[in-house]
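**Q**
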Amino acid sequence: MTAVGAERGVRTARTARRTPGRTPPHLRHERALLRTGLRYVAGMDEVGRGSLAGPVSVGVVVVDAATRSAPRGVADSKLLTPAAREALLPALGRWGVARAVGHASADEIDARGIVAALRLAGTRALRSVLEVVDRVDAVVLDGSHDWLTPPEPDLFGTQDDLFAQAQAWEPPTVHLKVKADRSCASVAAASVLAKCERDAIMVRHAVDHPAFGWHENKGYAAPEHLAALREHGPTVLHRRSWRLPTPQEVPADPAGPGWAVDPLLPDAEPDATP
1 MTAVGAERGV RTARTARRTP GRTPPHLRHE RALLRTGLRY VAGMDEVGRG SLAGPVSVGV
61 VVVDAATRSA PRGVADSKLL TPAAREALLP ALGRWGVARA VGHASADEID ARGIVAALRL
121 AGTRALRSVL EVVDRVDAVV LDGSHDWLTP PEPDLFGTQD DLFAQAQAWE PPTVHLKVKA
181 DRSCASVAAA SVLAKCERDA IMVRHAVDHP AFGWHENKGY AAPEHLAALR EHGPTVLHRR
241 SWRLPTPQEV PADPAGPGWA VDPLLPDAEP DATP
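Taking the working numbering, the leading residue of the sequence shown gets 1, the next gets one more, and so forth.
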């Protein structure tokens, strides 16, 4: 990114902070948990759940009682332009105690399902931060569904070895908070890190698969992506267990009967930004 582009990104991020009626993300929720005697609290968020291709990615940012307020401009990644997100990366790389992004591939999504793949990606992110800190006491998870805690029994063993080396402590307790990516600074920061890293992955893959427009749509169901699927069929990076358009499929007429009766994707939550 050029200096001019970086500065433009910073200005965009600052504008997001100053929008009337929108309170910037803060650490009040995390600090309340830390005051109960916890040492490390992590914010966690996912990106790519509703994409047709590429991984699902989970960001995690760990804070402690000494962590200062988040860098200026931090917000839910969906509220920021790509330039603003990229401009935040240097500051986010220095903020908090530890940070990481974990991924689960399209093949793993096909084999395990999207919820188990989210758990796998989140587990990988936690494993990375456990190389920096000796434990994570609690995780603030965006949303109303705990996809991180494994069911009993954990059929896939995704977390069986994650905490094996930790002595005398349990996996972190998950605290659900709806729209945590807009109110909790650690979760917002995690969303930005995950979004930037996943976007970069899709841009790299776009070089080998230019017809699908991944450099712009990042694997989501944009018109040019759907058209390319109908023309060329899926790649090895597509989630083949999902109902993807096929070369034989005729696009539905938006004005005709049955339009949008069946969802394209199960459990899809499309990202609002390219």
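Where is the CB? At the ideal position from N, CA and C, for every residue including glycine. Note that the structure is predicted; figures quoted are calculated from it, not measured.
Can you tell me where the beta strand (DSSP E) with T173 in it begins and where it stops?
**A** Where T173 is concerned, the enclosing beta strand (DSSP E) stretches over T173 to K177.
**Q** Which runs of the beta strand (DSSP E) spanning at least 3 residues fall entirely within the region 75–109, listed in chain order?
**A** Counting whole runs of 3 or more residues, the region 75–109 contains the beta strand (DSSP E) stretches 98–104.
**Q** Which value, in whole angstroms, describes the spacing of the CA atoms of A181 and E216?
**A** The question names Ala, yet the displayed sequence has Asp at residue 181. Whole-angstrom Cα-Cα distance: 23 Å.
**Q** Helix or strand or just coil, what does DSSP make of D134?
**A** In this structure, D134 counts as coil in the three-state DSSP scheme.
**Q** Around the C-beta of A32, are 16 or more other C-beta atoms found within 10 angstroms, so that it is buried, or is it exposed?
**A** So A32 ends up on the exposed side.
**Q** My understanding is that V47 touches A98, with C-beta atoms under 8 Å, so please give their C-beta distance in whole angstroms.
**A** That belief does not hold up - the Cβ atoms of V47 and A98 are roughly 19 Å apart, past 8 Å.
**Q** Below 8 Å on the Cβ atoms is my guess for G219 versus S51; work out the distance and round it to an integer in Å.
**A** Going by Cβ atoms, the distance from G219 to S51 rounds to 4 Å, so yes, they are a contact pair.
**Q** Label Q165 either buried or exposed according to how many other C-beta atoms from any shown protein chain fall within 10 Å of its C-beta, with 16 as the threshold for buried.
**A** Residue placement at Q165 is flagged as unreliable, the pLDDT there being 44, under the threshold of 50; the coordinate-derived value follows with that caveat. Result: exposed.
**Q** For V288 and L193, which I take to be in contact (beta-carbon distance under 8 Å), what is that distance rounded to the nearest angstrom?
**A** The chain is shown only over 1 to 274; residue 288 falls outside these bounds and no answer can be derived.
**Q** Count the other CB atoms within 10 Å of the CB of G54; is the residue buried (16 or more) or exposed (fewer)?
**A** When all chains shown are included, G54 counts as buried.
**Q** Since L141 sits in a beta bridge, which residues does DSSP pair it with?
**A** According to DSSP, L141 bridges with M44 and L176.
**Q** Please name the residue in V56, A189 and V136 whose C-alpha comes closest to that of D199.
**A** Taking only the C-alpha atoms, the option nearest D199 is V56.
**Q** Run the CB neighbour count on P223, radius 10 Å, all protein chains shown included, and call it buried at 16 or more, exposed below.
**A** Counting Cβ neighbours within 10 Å, P223 comes out exposed, since fewer than 16 surround it.
**Q** Excluding the five sequence neighbours on either side, which residues of its own chain have a C-beta within less than 6 Å of the C-beta of W95, listed in chain order?
**A** For W95, where only same-chain residues beyond five positions count, the Cβ hits under 6 Å are P71.
**Q** What is the DSSP secondary structure of V236, counted as helix, strand or coil?
**A** Three-state DSSP puts V236 in coil, outside helix and strand.
**Q** Identify which residue in R49, A75, D64 and T36 has its Cα closest to the Cα of A189.
**A** For the residues R49, A75, D64 and T36, the minimum Cα distance to A189 belongs to A75.
**Q** Where A210 and S191 are concerned, what is the direct C-alpha to C-alpha distance, given to the nearest angstrom?
**A** Per the sequence presented here, residue 210 reads as Pro, with Ala not at that position. If you take the alpha carbons of P210 and S191, they lie about 27 Å apart.
**Q** On the criterion of 16 or more Cβ atoms from any shown chain inside 10 Å, does H225 qualify as buried, or is it exposed?
**A** By the neighbour-count rule (16 or more Cβ atoms within 10 Å), H225 is buried.
**Q** Under the rule that 16 or more other beta-carbon atoms within 10 Å means buried, what is H145, buried or exposed?
**A** It counts as exposed.
**Q** Identify every residue that forms a DSSP beta bridge with G37.
**A** Paired residues: none, contrary to the question.
**Q** How is G59 classed by DSSP in three states: helix, strand or coil?
**A** Correct three-state label for G59: strand.
**Q** For L264 and V41, I'd like the C-alpha separation in whole angstroms.
**A** Note that L264 scores 38 on pLDDT, short of 50, meaning its location in the model is unreliable and no value can be drawn from it.
**Q** Rank P150, G59, R243 and H26 by C-alpha distance to the C-alpha of C275 and give the top, closest one.
**A** Residue 275 lies beyond the stretch modelled for the chain, which goes from 1 to 274, so this question has no answer here.
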